[in-house]
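Residue numbers (my numbering): 64 to 304.
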């Protein structure tokens, strides 16, 4: 379960399926990077700055927080929210790959259709959500049609979906805060409602044995996608990409 901007909830339905796709892809990219002895360069700076074993550990933690209803709600920290954003930004890479491949072969709309379905889910909250859940009226947003080839419009749709989890992008302020007087930063954090330890909590790490366990558990988490059509070769979890 996760303390999202739309309430404490576990992702379900098309939203959960889309996040599973991205988690599976990100997991495989991290695994490949480990084989090369380097971190995976996701576009989210804080996530990219982590060692690959840290990337795998924090991805495991965040993925289970978002998708496992039995998982306790974690404290929102910079590295955890940066990892959530990394998951969503990875969808942009998947859409870009899909668009490139569609130009070469017969059109494929797998990820674009999945994004549209996830956006449409917010027009009527799933029955799995609590009766106390109050949707903050995101229904004004209309995603592009699956046949759209404008990557910027798909980026808008991905940002919309990320906004249903993230409250803001405070994790992007780490370097800004690091360059100022600590007393001033403390006052700014209080004004902005940022927890004092928000940036201080480090990403978990894993030794070789722990890393393999996390790897296998993430493969198991994404197992439901194994029978989806592949859009590209490779990867240990055989997810749809």
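Beta carbons: idealized from backbone N, C-alpha and C, even for Gly. The structure displayed is predicted, hence computed values, not measured ones.
Exercise. Near residue 119, which residues of its chain fall below 7 Å by C-beta distance, leaving aside the five closest residues on each side in sequence?
Worked result: Along the chain shown, one-based indexing puts residue 119 at 56. Setting aside the 5 residues that flank it on each side, residue 119 is surrounded in the same chain by 93, 269, 274, 277, 278, each with a C-beta closer than 7 Å to its C-beta; the list follows chain order.
Exercise. With DSSP run on the structure shown, which of helix, strand or coil describes residue 286?
Worked result: As a first step, residue 286 is located in the chain shown; it is residue number 223 there, counting from the start. Note: residue 286 maps to helix in three-state DSSP.
For this session: Please name the residue in 221, 127, 211 whose C-alpha comes closest to that of residue 204.
Result: Mapped onto the chain shown, residue 204 falls at position 141. Comparing Cα positions, the closest option is 221.
Exercise. By how many angstroms is the C-alpha of residue 143 removed from the C-alpha of residue 184?
Worked result: Position 121 of the chain shown, counted from the start, is the residue given in the question as residue 184. Position 80 of the chain shown, counted from the start, is the residue given in the question as residue 143. When rounded, the distance between both Cα atoms is 24 Å.
Problem set entry | Separation of residue 167 from residue 161, as counted between CA atoms | Position 98 of the chain shown holds residue 161. Position 104 of the chain shown holds residue 167. So the two alpha carbons sit approximately 10 Å from each other.
Exercise. Does the region 147-158 come close enough to the region 95-114 to have 3 or more Cβ pairs within less than 8 Å?
Worked result: The answer is yes - the region 95-114 touches the region 147-158, with three or more Cβ pairs under 8 Å.
For this session: Determine the closest residue to residue 132 out of 213, 66, 261, with distance taken between C-alpha atoms.
Result: Within the chain shown, numbered from 1, the residue matching residue 132 stands at position 69. Ranked by Cα distance from residue 132, the options 213, 66, 261 are led by 66.
Problem set entry | CB of residue 46 within 9 Å of CB of residue 262, strictly | What the structure shows of the chain is the stretch from 64 to 304, and residue 46 is not part of that stretch, so it cannot be assessed.
Exercise. Which value, in whole angstroms, describes the spacing of the CA atoms of residue 230 and residue 138?
Worked result: Here residue 230 refers to the residue found at position 167 when the chain shown is read from its first residue. Here residue 138 refers to the residue found at position 75 when the chain shown is read from its first residue. Note on geometry: alpha-carbon atoms of residue 230 and residue 138 lie some 13 Å from one another.
Problem set entry | Rounded separation between residue 258 and residue 169 - CA only | Mapped onto the chain shown, residue 258 falls at position 195. Mapped onto the chain shown, residue 169 falls at position 106. In a straight line, the C-alpha of residue 258 is about 49 Å away from that of residue 169.
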